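First comes the structure, then the notes that go with it.
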Amino acid sequence: MNNNPALDDLTALSAIVNHASFRKAADELGLSPSTLSHMMRALEKKMGVRLLNRTTRSVSPTEAGQRLVSRLAPILQDLDLALDEVNHFRDRPQGILRINTSETAARLLLQKAVPTFLARYPEMSLDLVTEGKLVDIVAAGFDAGIRLGESLPLDMHAVRFGGDVRFVAVAAPAYLKQHPAPRTPDDLQQHQCIRIRMPSGKPYRWEFARRRQEITVDVPGALILDHVALMVESAVAGLGIAYVPDNAALPYLAKGKLVTLLDDWCPRIPGLFLYYPGHRHVPSGLQAFISVLKELY
18 MNNNPALDDL
28 TALSAIVNHA
38 SFRKAADELG
48 LSPSTLSHMM
58 RALEKKMGVR
68 LLNRTTRSVS
78 PTEAGQRLVS
88 RLAPILQDLD
98 LALDEVNHFR
108 DRPQGILRIN
118 TSETAARLLL
128 QKAVPTFLAR
138 YPEMSLDLVT
148 EGKLVDIVAA
158 GFDAGIRLGE
168 SLPLDMHAVR
178 FGGDVRFVAV
188 AAPAYLKQHP
198 APRTPDDLQQ
208 HQCIRIRMPS
218 GKPYRWEFAR
228 RRQEITVDVP
238 GALILDHVAL
248 MVESAVAGLG
258 IAYVPDNAAL
268 PYLAKGKLVT
278 LLDDWCPRIP
288 GLFLYYPGHR
298 HVPSGLQAFI
308 SVLKELY
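FYI, in this note's numbering the residues of the sequence shown are 18 to 314.
Written out as structure tokens, the structure reads:
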């Protein structure tokens, strides 16, 4: 009789440790947190050792659990690669493609790339995570990530799509009736600015450039948000000046609800890149998604 733990149980343990959360691991595996908790208790009973430390707010591996997960990581990765190689013999790839991205990039992908990909490969599922955090995609279990070209991690293959981007300062005409438009980035110190919070928790410092001159401004402002769309809507409402990607503001600029400011200080920069580990076998689903990006952009 084989008393070894089931592969599903070991995969679940690895997901819990990687996410440091029963809920997030359950979401990834398509299970309920209570089912996952029951599986872990049964696994610990079978192995005769505690693998996880649980509290009401957190979960972390014991020393035994951490050692087991560390040993399992390359084995589970090799298993995924083996299954994916078989996938190449199919007419179409299947499985889940997990991509870490931003809200703005996800909105761009949802216009063309996502509908095309899902229609062309009906046996694929696409999991777009837009938490806004710059994570280690390998450690977090993502197949790929999407970032601006200026912040790509080293040692990654990258595929550019969507062209250059431009961050613009925008405000509503009603706001500008009461506040003189800034002529230089330093003039923003006299304005209400709608700031955005970085993943670290600190507000982003606005960056401007003109003829090789670069200026970074720690702008003032009573409103701090963590979504670009909310920043644009707040600017439309006349709450202050926002600094956002031009494609996010374009619909409101076209209708005259927003106007751009400091245009000569807002150059175009390298746009979005999909990136993935260069030293790994590229899953067939990711290859298919890359082909769609290259075709559309």
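Note that beta-carbon positions come from the ideal geometry of N, C-alpha and C, so glycine has one too.
Fair warning: this is a prediction, and the values are worked out from it, not measured in the lab.
Classification of M18 by the beta-carbon crowding that lies within 10 angstroms, buried from 16 upward:
As a position in the sequence shown, residue 18 is number 1, starting the count at 1. Caution applies to M18, whose pLDDT of 49 falls short of 50 and renders its modelled position unreliable; the model cannot decide the point.
Can we say the region 164-184 touches the region 140-147, given the rule of at least three CB pairs closer than 8 angstroms?
no
Classification of S74 by the beta-carbon crowding that lies within 10 angstroms, buried from 16 upward:
Here residue 74 is taken as the residue at index 57 of the sequence shown, counted from 1. Looking at the sequence itself, residue 74 is Arg, so the reference to Ser does not match. By the neighbour-count rule (16 or more Cβ atoms within 10 Å), R74 is not buried but exposed.
Please report how far the alpha carbon of A32 lies from the alpha carbon of M56, in whole angstroms.
Position 15 of the sequence shown, counted from the start, is the residue given in the question as residue 32. Position 39 of the sequence shown, counted from the start, is the residue given in the question as residue 56. Looking at the two C-alpha atoms, the distance is approximately 13 angstroms.
Can you have a look at S168 and say buried or exposed, based on whether 16 or more other CB atoms are within 10 angstroms of its CB?
Counting from one through the sequence shown, the residue named residue 168 turns up at place 151. When all chains shown are included, S168 counts as exposed.
Which of the three DSSP states is assigned to M57 in this structure?
Locating residue 57 in the sequence shown gives position 40, where the first residue counts as 1. In the structure shown, M57 sits in a helix (DSSP, three-state: H, G or I).
Which class does Y260 belong to by DSSP, given the choice of helix, strand or coil?
If you number the sequence shown from 1, residue 260 lands on position 243. Reduced to three states, the DSSP call for Y260 is strand.
List the residues that DSSP assigns as beta-bridge partners of N117.
Here residue 117 refers to the residue found at position 100 when the sequence shown is read from its first residue. Beta-bridge pairing links N117 to V146 and G162.
Endpoints, the alpha helix (DSSP H) within which E312 is located:
The sequence position of residue 312 within the sequence shown is 295, counting from 1. That run of the alpha helix (DSSP H) goes S301 to L313.
Threshold first: 3 residues or longer. Then list the beta strand (DSSP E) segments lying entirely within the region 219-260, N to C.
223-227, 230-234 and 240-242
Alpha carbons only, please: which of V261, P170 and L205 is nearest the one belonging to F184?
By 1-based counting over the sequence shown, the position of residue 184 is 167. Measuring from the Cα of F184, the nearest candidate turns out to be V261.
For G218 and P78, I'd like the C-alpha separation in whole angstroms.
Here the question's residue 218 lines up with position 201 in the sequence shown. Here the question's residue 78 lines up with position 61 in the sequence shown. If you take the alpha carbons of G218 and P78, they lie about 27 angstroms apart.
From R285 to G295, what distance separates their C-alpha atoms?
For the purposes of this step, residue 285 is identified with residue 268 of the sequence shown, where counting begins at 1. For the purposes of this step, residue 295 is identified with residue 278 of the sequence shown, where counting begins at 1. So the alpha carbons of these two residues sit roughly 28 angstroms apart.
Reference A191, options G302, G257 and E140, closest by Cα:
Start at 1 with the first residue of the sequence shown, and residue 191 comes out as number 174. Closest by alpha carbon: G257.
Residue from S38, L240, D26 and D153 with nearest C-alpha to P220
Position 203 of the sequence shown holds residue 220. Nearest of S38, L240, D26 and D153 to P220, Cα basis: L240.
For the beta strand (DSSP E) that R177 lies in, which residues bound it at each end?
The residue you call residue 177 lines up with position 160 of the sequence shown. Note, R177: beta strand (DSSP E), M173 to F178.
Which residue from G180, Q83 and A265 puts its Cα closest to that of K311?
Taking the sequence shown and counting its residues from 1, one reaches residue 311 at position 294. Nearest C-alpha to K311: G180.
To which residues of the same chain is K274 closer than 7 angstroms at the C-beta, ignoring the five residues directly before and after it?
Start at 1 with the first residue of the sequence shown, and residue 274 comes out as number 257. Around K274: A189 and V253.
Give the secondary structure of I92 by DSSP, where H, G and I count as helix, E and B as strand, and everything else as coil.
Position 75 of the sequence shown, counted from the first residue, corresponds to residue 92. Three-state result, I92: helix.
Cα-Cα, which of T52, V76 and G82 is closest to G13?
Since the displayed the chain opens at 18 and closes at 314, residue 13 lies outside it and no answer follows.
According to DSSP, residues forming a beta bridge with F184:
In the sequence shown, counting from the first residue as 1, residue 184 sits at position 167. The partner list for F184 (beta bridge, DSSP) reads P262.
Identity of the residue in G255, L278, F225 and A259 nearest R200 by Cα:
By one-based count along the sequence shown, residue 200 stands at place 183. With distances taken between Cα atoms, R200 lies closest to L278.
Going by beta carbon distance, what residues of the same chain come within less than 8 angstroms of Q206, once the five residues before and after it are set aside?
In the sequence shown, counting from the first residue as 1, residue 206 sits at position 189. Excluding positions up to five away in sequence, the list reads V234, V236 and P237.
Residue range of the alpha helix (DSSP H) that includes R35:
Here residue 35 refers to the residue found at position 18 of the sequence shown. According to the sequence shown, residue 35 is Asn rather than Arg. Start and end: L24 to H36.
What does Y293 pair with, by DSSP beta-bridge criteria?
The residue labelled residue 293 in the question sits at position 276 within the sequence shown. The partner list for Y293 (beta bridge, DSSP) reads H174.
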